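Trainee: Numbering (UniProt numbering), first residue to last: 1 to 301.
Glycine included, each C-beta is placed from N, C-alpha and C at the ideal position.
Since the structure is predicted, the reported quantities are computational estimates derived from the model, not experimental observations.
The following block contains the structure, expressed as structure tokens.
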């Protein structure tokens with residue numbers, strides 16, 4: 001709730017100063033933005049619960065299964081097609097996650113279910129964000145309306161389930177706690193903005209895969225800092241396969257972007273050469289024999 005309020009206040013301040021302009025909110029946009037907020041909130045709830053029930057390395061690997069539902073939903077909702085190399089890299093990511101689960105000695109079925117559910121919910125709200133971009137909403141507008149639509153249900157949940165705990169919390173006046181709270185709220189808002197911005201500039205699938213680079217660091221730290229993590233060699237192989245799949249995806253997208261850029265540059269060069277040829281023809285002397293030879297003579301009866 002604090003994160004959503006912080007984002008709302010920041011965007012309202014920027015809009016009041018005339019720095020940003022928000023597109024109008026319509027019933028047509030609600031069809032995309034309301035599910036976006038709903039999927040976002042349920043994803044956060046399921047992800048936090050899954051993290052509590054599973055180890056950090058296993059949670060990160062399970063979350064790396066997100067590209068698979070994103071790819072499926074992007075195809076169904078937005079008719080996006082992906083190359084065979086992208087599909088193979090996503091397959092490696094998913095298979096690696098499954099192998100990791102088979103080698104996890106601290107297996108928790110509910111934790112695994114919630115982590116996989118979080119993957120699906122994350123895919124849904126990222127695809128909804130991409131659909132919002134298709135409708136003309138930029139990353140600022142998507143994050144702003146996501147905050148606006150998320151605040152009412154969060155307020156209701158806080159009043160119903162957490163009001164007594166918040167009222168009796170004894171550290172509200174502690175400067176260190178307030179500083180940490182501000183850091184968490186502001187960094188969470190910045191993370192959301194970076195996520196929606198990446199989604200608008202690239203795609204939902206790229207956002208998910210690139211965002212998992214942080215999982216490499218947190219997975220390694222999880223093995224070092226949390227001694228209760230138990231993993232067999234099969235689980236370790238799954239981690240490596242999952243990581244290789246993410247690296248393969250990054251390499252494939254890099255090659256595709258370079259290939260697309262080269263094709264666009266060649267197309268621009270061809271257009272430039274064609275313009276120069278036409279311009280040279282226009283500037284030629286009509287008395288030039290080559291011009292007369294190429295002229296079309298129309299004989300009228």
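1) Buried or exposed: which applies to residue 258, given that a residue is buried once 16 or more other Cβ atoms fall within 10 Å of its Cβ?
2) Which ranges does the alpha helix (DSSP H) cover as unbroken runs of at least 4 residues, wholly within the region 137-165, from first to last along the chain?
3) Classify residue 1 as helix, strand or coil using the three-state DSSP reduction.
4) Could you round the C-beta distance between residue 89 and residue 188 to whole angstroms and report it? I think they count as a contact, below 8 Å.
5) Residues in its own chain within less than 8 Å of residue 151 by CB, not counting five upstream and five downstream?
6) Around the C-beta of residue 177, are 16 or more other C-beta atoms found within 10 angstroms, so that it is buried, or is it exposed?
7) Taking just the CA atoms, how far does residue 236 sit from residue 91?
8) Taking the C-alpha atoms as reference points, what is the distance between residue 233 and residue 240?
9) Between the alpha carbons of residue 375 and residue 161, how many angstroms are there, rounded?
10) Please list, in chain order, all residues of the same chain as residue 65 whose beta carbon is under 6 Å from its beta carbon, the five residues on each side excluded.
11) Can you tell me where the alpha helix (DSSP H) with residue 42 in it begins and where it stops?
12) Taking DSSP as the reference, what is the three-state secondary structure of residue 251?
13) Can you tell me where the alpha helix (DSSP H) holding residue 78 begins and where it ends?
14) For residue 140, collect the residues of the same chain with a Cβ closer than 6 Å to its Cβ; drop the 5 residues on either side in sequence, then sort them by chain order.
15) Cβ of residue 67 within 7 Å of Cβ of residue 205?
16) Which residue comes first and which comes last in the alpha helix (DSSP H) that contains residue 131?
17) Verify whether the separation of the beta carbon atoms of residue 49 and residue 121 is less than 7 Å.
18) Alpha carbon to alpha carbon, what distance is there between residue 23 and residue 63?
19) To the nearest angstrom, how far is it from the Cα of residue 252 to the Cα of residue 71?
20) Of the choices 55, 52, 38 and 127, whose alpha-carbon is the least far from that of residue 77?
21) How is residue 202 classed by DSSP in three states: helix, strand or coil?
Mentor: Taking the coordinates as given:
1) On the chain shown, residue 258 is found 258 positions in, with the first residue counted as 1. The residue is exposed, with fewer than 16 neighbouring Cβ atoms inside 10 Å.
2) 139-157
3) Here residue 1 refers to the residue found at position 1 when the chain shown is read from its first residue. If DSSP states are grouped into helix, strand and coil, residue 1 belongs with coil.
4) One-based indexing of the chain shown puts residue 89 at position 89. One-based indexing of the chain shown puts residue 188 at position 188. Not a contact, Cβ separation roughly 29 Å.
5) Start at 1 with the first residue of the chain shown, and residue 151 comes out as number 151. Excluding sequence neighbours, residue 151 sits near 1, 4, 5 and 8.
6) Locating residue 177 in the chain shown gives position 177, counting from the first residue. It is exposed - the Cβ of residue 177 has fewer than 16 other Cβ atoms within 10 Å.
7) Residue 91 sits at position 91 when you count from the first residue of the chain shown. Residue 236 sits at position 236 when you count from the first residue of the chain shown. Taking the straight line from one Cα to the other gives about 18 Å.
8) Reading the chain shown from its first residue, position 233 is the one you call residue 233. Reading the chain shown from its first residue, position 240 is the one you call residue 240. Distance between the alpha carbons of residue 233 and residue 240 is about 11 Å.
9) The chain is shown only over 1 to 301; residue 375 falls outside these bounds and no answer can be derived.
10) As a working note, residue 65 is residue 65 in the chain shown. 94, 97 and 119, listed in sequence order.
11) Indexing the chain shown from 1 puts residue 42 at position 42. Residue 42 -> alpha helix (DSSP H) spans 27-53.
12) Along the chain shown, one-based indexing puts residue 251 at 251. Reduced to three states, the DSSP call for residue 251 is helix.
13) Numbered from 1 along the chain shown, position 78 holds the residue referred to as residue 78. Note, residue 78: alpha helix (DSSP H), 67-78.
14) Taking the chain shown and counting its residues from 1, one reaches residue 140 at position 140. Same-chain partners within the cutoff: 20.
15) Locating residue 67 in the chain shown gives position 67, counting from the first residue. Locating residue 205 in the chain shown gives position 205, counting from the first residue. It is a contact, given that the beta carbons lie within the stated cut-off.
16) The sequence position of residue 131 within the chain shown is 131, counting from 1. For residue 131, the enclosing alpha helix (DSSP H) begins and ends at 109-134.
17) As a first step, residue 49 must be located in the chain shown, where it is residue number 49. As a first step, residue 121 must be located in the chain shown, where it is residue number 121. No, the pair does not count as a contact, with Cβ atoms beyond the cut-off.
18) Residue 63 sits at position 63 when you count from the first residue of the chain shown. Residue 23 sits at position 23 when you count from the first residue of the chain shown. When rounded, the distance between both Cα atoms is 33 Å.
19) Looking up residue 252 in the chain shown gives position 252. Looking up residue 71 in the chain shown gives position 71. Approximately 15 Å, taken between the alpha carbons.
20) The count along the chain shown starts at 1 and reaches residue 77 at position 77. When each option's Cα is compared against that of residue 77, the closest is 127.
21) Along the chain shown, read from residue 1 onward, the residue named residue 202 stands at position 202. Note: residue 202 maps to coil in three-state DSSP.
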